[in-house]
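Taking full-length UniProt numbering, the leading residue of the sequence shown gets 1, the next gets one more, and so forth. Down below is the structure, laid out as structure tokens.
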Amino acid sequence: MAEEHGFQAAEGHFPCANKCGFFGSPATLNLCSKCFRNHRMSEDHSNSAKSTVENSFLVASSSSAARSTVENYPAAGKPNRCSACRKRVGLSGFNCRCGTTFCGAHRYPEQHACPFDYKAVGREAIARAHPVVKADKLEKI
């Protein structure tokens, strides 16, 4: 009857090699999608463990100057939460001069008790922009 309607039975589907009850295919080593994903993850973990062992040998043989430059790099990643209320800010976060990110409600220094000294920075900027001009004293006749 299947030949009359043009339907064919699926070929190449076998029960999963882990006997979990699902079907696998030859493209996934006769494993179902979940078992195949777990299999790939275990392979990736074993490969990464080998590479970390190899990297540790390379780092151990490098000079101390190279080690100090590697340690000076800060951790990457931009915070995406307000430091005051922990609200998610995403792209609309405001970076304060104290180095933290805030939401719209806490973006002003008065709202989050900012430790940054704006007055001192302002004084220094004015001093740099307007140097004191003094004329030489004239000798009295």
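The beta-carbon is built from N, C-alpha and C at its ideal position, and this holds for glycine as well.
Coarse secondary structure for residue i, derived from DSSP in three states
| i | result |
| --- | --- |
| R86 | coil |
| T28 | helix |
| N18 | coil |
| N47 | helix |
| R128 | helix |
| R107 | coil |
| L58 | Any answer about L58 is weak, because its pLDDT of 49 lies below 50 and its placement is not dependable; what the coordinates show is given next. Three-state result, L58: helix. |
| A135 | coil |
| K140 | coil |
Classification of residue i by the beta-carbon crowding that lies within 10 angstroms, buried from 16 upward
| i | result |
| --- | --- |
| H45 | exposed |
| V89 | buried |
| N21 | The sequence shown places Gly at residue 21, rather than the Asn named in the question. It is exposed - the Cβ of G21 has fewer than 16 other Cβ atoms within 10 Å. |
| G104 | exposed |
| G122 | exposed |
Bridge partners - residue i, DSSP secondary structure assignment
| i | result |
| --- | --- |
| R40 | Its beta-bridge partners do not exist; DSSP assigns none. |
| F116 | Its beta-bridge partners do not exist; DSSP assigns none. |
| T101 | N95 |
| R123 | Answer is none; R123 lacks a bridge partner. |
C-beta atoms of residue i and residue j nearer than 7 Å
| i | j | result |
| --- | --- | --- |
| N84 | H106 | Contrary to the premise, residue 84 reads as Ala rather than Asn in this sequence. Yes, they are a contact pair. |
| L29 | C16 | no |
| H13 | F23 | yes |
| C35 | N47 | no |
Review point. Quick check: the segment 114-132 against the segment 96-106, are there 3 or more CB pairs under 8 Å?
Key: Flag = yes, the segment 114-132 and the segment 96-106 touch.
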